[in-house]
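Some notes on the structure that comes next.
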Amino acid sequence: MDPARYVELFLSESREHLAACARLLVTWEQNPTQREPVDGLFRSIHTIKGMAATLEYDQVAQLSHSIESMLDRVRRGQLAASSDLIDALLDAVDALEKAIEAAAANERSEVDLDAIVARLAVAPTGGTPAGPRPRRPRHAPAHPYAVAVRVDPGSPMRGARAILAVERARTLGAVSQLRPPTSQFERDGFSGEFTFQLLTDANADHVAHAIQSVGDIAAVSCEDQGEGRGGPSGQLVPKTDRGRGGRGRGRGRGHPQEGGAGAGAARPTTVRVDLGRLDALMNSVGELVVARNRLAALAASGDGPLAETVGKVGRLVSEIQAEVMLARLTPVEQIFDRFPRAVRDLARDLGKEVTLELEGRHIEIDRAILEEIGDPLIHLLRNAIDHGIESPDARAAAGKRPVGRLELIASSEHNSVTFRVRDDGRGIDRDAILRRAKQDGLVPDTMDVLPDDALLDVIGRAGFSTATAVTTVSGRGVGVNVVLTRVRELGGSVHIESEVGRGTTVTLHLPRTLVVVRALLAQAGEERYVIPVTYVAETLSVDRASRTELHGREAVVLRDDVIPTLRLRELVGLTGEQPPGPREPCVILEVGRRRAGLVVDALLGQEEIVVEPFDPPRGTPALFSGAAILADGVPSLILDATAVV
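Quick note: the sequence shown uses my numbering, first residue 13, plus one each step.
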């Protein structure tokens, strides 16, 4: 057997199992009497051990065996869960990750295997009951390093990447003297460059590679400050993302699908496909859809064998398109597994007690979108812990449970996926935000109350902050602009709800896929525009009896609801009168809980379109999210419903 053929498979499966281990350990810590997390941990570690032994990765196999033996004692009732044991197992999993990466690179890991095994052996004697408590200093590492990191200037979320890099460094040892502090990472002026001291037993190259692995890292330098050590390891430029392909969709490596990898599996039922190949295939299917639409339009006036053949080709293309899109979908648990450990560590660093509840792990979304949404979700979770959830003493004084509750919920709605980040913390101080917004001229001086939509618009402004942004509740607004930008680039929207003393909920609405979508064609003047049906609640014909006004704006009455309306002609800047008529077509757009009616000249039916990148000319209204080639070969602009509503 040639082991090199299986290295990539070993790496991808091991990373999945390690992510699951971190999640299960946090779950076990919160529920020490449950057996399911221990069983899941044992299966994952046993699988890693088996794969490592097959590939003759002895160090990985030995460390896995030690962890497995400890878990087996727990399963047999010989050991009980304790905080010392959980901490030791988390550190052992971190060490196992380093050993796996080194083995796959054909290197020997610098992990002190004997020290890890010894800590596992003595951890059960600590006797401290499992549960949240202040983090204890880790085992003192051997070598001090001065680390300098520069995040890729092109990264849309430099702060989030910097935080991930620091968290990855903490898995290697003790981090100190961080400059600038993490509170500055979330500011819009953060350059992406930072330094810190790291005490670890890993070598400089391993430190640099580990930090680089978080992605979007332009350079890392790691200089050993110990006596007699070598100089800096130099700068490492990250490799190009393997998942790029076609027109550049599908950023990142993505995560392979699960299945066929566990110990004892009889026959594999799934195969792993490089994301770049799926990108290329999806692009080809998109072009095929355009060609099918064009062919159907040309054959519309004919009949007989040609029309029959065109119909059959159309059905086959639709089936291929559906299967390829399904192949690109992946469960959101692929990124959810990253969060429990990050939440646990941050909460303990801040002296807070937080439980994270994850729902909707089975919901599927295009893996390209999933990779892009990971950073915004991490940012929102960190904000909720840092600025939203109070300390145990403050919560007790407010009549709350000392343990804060943080929820991340994924759900499927129509052809979109929704993520909700909800906490039961102090909420956002609207009065403080409103006062600062008035000072900056962002809202009228006559405004007395800041509703949810206006709140999001204000705190989402680039550079907006209050005098207490870092230390009080108004600090939640810092960095929201980055989340808004990323989500809207993906064709999604953001909604926020907050109540002082009860918490905040941030909702992200995202399309399930970005490539081929079903759309409604609307006409204004001589031009045709595309409206994705994801955001279309219904269409209707408006007569004079259903017209009214709402706060001085044109509106329509629909089943006792008053919905504000806009005219497509006015939005796109057309001059001249709209063709007269007793009734006007109207499209009811729905984005989250917001609704608006879009009055158009005519509705021309539905069509499946391929979304093409769109670089609008200077002066073009910010209403379009892309372009598409219609069945007759004429290009048309895609309306961004989130911008319209």
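Positions of the beta carbon are idealized from the N, C-alpha and C atoms, including for glycine.
- Taking one beta carbon from each stretch, the region 397-415 and the region 441-460 have fewer than 3 pairs nearer than 8 Å; the two do not touch.
- Between Q209 and A158, the C-beta gap is smaller than 8 Å, which places the two residues in contact.
- Excluding the 5 residues flanking it on each side, F202 has same chain C-beta neighbours closer than 8 Å at R170, G171, A174, P192, Q196, in chain order.
- A direct Cα-to-Cα measurement between A117 and D213 gives close to 18 Å.
- V646 sits exposed, since fewer than 16 C-beta atoms from the chains shown fall within 10 Å of its C-beta.
- Counting only runs of 4 or more residues that sit fully inside the region 88-125, the alpha helix (DSSP H) segments are 95-116, in chain order.
- When secondary structure is reduced to three states using DSSP, E602 falls in the strand class.
- With contacts defined as CB atoms closer than 8 Å, I79 and S26 fail to qualify as a contacting pair.
- Excluding its 5 nearest sequence neighbours in each direction, T207 has C-beta neighbours in its own chain below 6 Å: A160, R191, listed in chain order.
- With distances taken between CA atoms, P594 lies nearest to A557 out of G564, A557, L586.
- By the beta-carbon neighbour count (other beta carbons within 10 angstroms, threshold 16), D644 is exposed.
- Where F22 is concerned, the enclosing alpha helix (DSSP H) starts and stops at 19-42.
- DSSP places L642 in the coil class of the three-state scheme, outside both helix and strand.
- Less than 8 Å divides the Cβ of L389 from the Cβ of V433.
- Spanning the alpha carbons of A222 and D236 requires a straight line of approximately 16 Å.
- Assigned with DSSP and collapsed to three states, R530 falls in strand.
- Checking the DSSP bridge columns, you'll see D378 partnered with L341.
- For R540, the CB contacts under 8 Å within the same chain, skipping 5 residues up- and downstream, are L533, A534, L616, L642, V646, S648 in chain order.
- Scanning its chain for C-beta atoms nearer than 7 Å, with the 5 sequence neighbours on each side dropped, one finds around D378 the residues R340, L341, R524, T525, L526, in chain order.
- When the five nearest sequence neighbours on each side are left out, the beta carbons in the same chain lying within less than 6 Å of the beta carbon of G503 are those of P523, S637, in order along the chain.
- Looking at the DSSP output, T551 bridges to V599.
- A634 is positioned such that its CB atom lies no closer than 8 Å to that of I650.
- Considered as a whole, the region 41-81 harbours 48-66 as its complete alpha helix (DSSP H) runs of no fewer than 4 residues, in chain order.
- DSSP places I390 in the helix class (H, G or I) of the three-state scheme.
- In chain order, Q209, L211, Q237, G238 place their CB closer than 7 Å to the CB of P156, counting only its own chain and leaving out the 5 sequence neighbours on each side.
- Of the residues assessed, A422 falls on the buried side of the cut-off, its CB having 16 or more other CB atoms within 10 angstroms.
- Assignment of D217 by DSSP, reduced to helix, strand and coil, places it in the helix class.
- For I440, the three-state secondary structure derived from DSSP is coil.
- The straight-line gap separating the alpha-carbon atoms of R199 and R87 is approximately 47 Å.
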